[in-house]
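Have a look at the structure below, then the notes.
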Amino acid sequence: MVTRAECIAMLYPELHDKPVVTIMGACAQELYDLGHRDNFFYLQHAMGLASSIGLGLAMHLPHEQIVVLDGDGSVLMNLGTLATLARYRPRNLVHVIFDNGSLLSTGGFDSHTTSGITNLAAIARGAGIEHVAAVDSVVDFGEAAIDAFGRNDLSVIVAKVSAVGPNHYGMDLQLPENGFRFKRWIAGRKAAEVQ
Amino acid sequence: MSVSYENSKVVFQGIKDAGITSLSALPETWLGLLLQQAERDPDVRLIQVAREEEAIGIAAGAYFAGERHVLLMQNHGLLAAINGIVSLALLYGIPLCMLVALRGHWGEPYPWHTRGGIVTEPVLRALGIPFEYARNPHDVGRQIREAYTFSQSSLSPVALLLTRELMEEAL
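Line by line, the protein sequences are chains A and B. Converting from the first sequence to this note's numbering requires adding 18 to each position, the first position being numbered 1. Converting from the second sequence to this note's numbering requires adding 200 to each position, the first position being numbered 1.
Quick look at the structure:
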């Protein structure tokens, strides 16, 4: 099975000019370790809200493509977000859900998606999202990502990944500093747009 | 008891006069007439959520995007949104201007609203969220403007509590 780190590494070259919101823990760390950029915002708590931040960004920044790197545990805490995304259908949002079937960052307890019990892609489709890809290999993830970035429509990718994370945690970045710099990066892009 | 059409208009006008261009909301009775006006207004974007905690994330996204945004919710929705308020807004220093329908307080006939109404003010105090009561249509526009300004300067959530006196028709 593919790892989340492999998938993020595959996406990384596409992320240099896009606002990116990640969830806490392993996912944030794996992106950070590839090289932090001011357009990356790591939501290190408030589980479930990464996709809501992504929606708020996407609806107010129509000229940017927004990327959310989410996880099964976080999405399960805020399933309503899939219905809200479907209703407003921002065409500039790519919502990647890494489904490792595990609450890895808190000790590896099984989540409801383990053993195929809960199917997040089916929930996303049932919520009314048209473009939902369910993938479990590097190749399929890459293809789904290319489709999503080129589609100009709300896209969800549910990627089954193995329940492994980094062997270390830590960032040289204070949480409010991350937010301030993220906001400045967006403001700079908007200023450049106007010119 | 019915919702005041006139005062709903005044509150919405106050939101407009504060330069707000984006609203997130979970509809509830006292906010209904106000949200109907928002839906009809081409200069205001209304985003309805399934649960109020989502709106904390949406408001943060709007803030990062440089948009003037306010949140509309019932006080029970505020209670449902607390982890987002604490672990996103307070943790990262993200302003939130929350207009909160204060159900379950003086004059409340419905038992189901009462516990939420009784705990709202102490919860806001415990969270360190500055708040004010909006009781009077002559003041509410200024209060909305000031709430928004203070949220931005303090990088903090602030709450304006919309009272029965303001939101319901006088008998």
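Each residue gets a CB set at the ideal place from its N, CA and C atoms; glycine is no exception. Just so it is clear, the structure is predicted and the values come from calculations on it, not from any experiment.
- Membership of arginine 169 of chain A in the alpha helix (DSSP H) is indicated by the continuous run 156-169.
- With contact defined as three or more Cβ pairs closer than 8 Å, the stretch 321-331 of chain B and the stretch 349-360 of chain B are in contact.
- Serine 70 of chain A: member of the alpha helix (DSSP H) spanning 68-78, first to last residue.
- Taking all protein chains in view, the Cβ of asparagine 207 of chain B is crowded by 16 or more other Cβ atoms within 10 Å, so the residue is classified as buried.
- Here the stretch 94-108 of chain A makes contact with the stretch 55-67 of chain A; the two share three or more CB pairs at distances below 8 Å.
- Chain-order list of chain A residues neighbouring phenylalanine 264 of chain B: Leu75, Phe200, Lys201, Ile204, by C-beta distance under 7 Å.
- Residues of the stretch 281-309 of chain B with a Cβ closer than 7 Å to any Cβ of chain A, in chain order: Asn283, Gly284, Ser287, Leu288, Leu291, Tyr292, Gly293, Ile294.
- Think of a sphere of 7 Å around the beta carbon of tyrosine 106 of chain A: the chain B residues whose beta carbon falls inside it are Ile247, in chain order.
- Judged by DSSP in its simplified three-state form, threonine 40 of chain A adopts strand.
- In the same chain as alanine 145 of chain A, and ignoring 5 residues on each side of it, the C-beta atoms closer than 7 Å to its own belong to Leu100, Ala101, Ala104, in chain order.
- In this structure, arginine 303 of chain B and glutamine 274 of chain B form a Cβ contact; the two beta carbons are roughly 6 Å apart against a cut-off of 8 Å.
- Within the stretch 300-360 of chain B, the runs of alpha helix (DSSP H) that reach at least 4 residues and sit entirely inside it are, in chain order, 311-327, 340-354.
- Residue pairing by DSSP places methionine 298 of chain B opposite B:Leu271, B:Ala359 in a beta bridge.
- In the DSSP assignment, glutamine 236 of chain B falls within the alpha helix (DSSP H) that extends over 232-240.
- In this structure, the straight-line span from the alpha carbon of glutamate 253 of chain B to that of isoleucine 141 of chain A is close to 20 Å.
- For glycine 89 of chain A, DSSP records a beta bridge to A:Phe116.
- For histidine 130 of chain A, no pairing in a beta bridge is given by DSSP.
- Inter-residue distance for glycine 168 of chain A and glutamate 228 of chain B is about 39 Å (C-alpha atoms, whole angstroms).
- Take the alpha-carbon of glycine 219 of chain B and the one of glycine 257 of chain B: they are about 21 Å apart.
- Of the residues B:Ala255, B:His269, B:Pro337, the one whose Cα lies closest to the Cα of valine 210 of chain B is B:Pro337.
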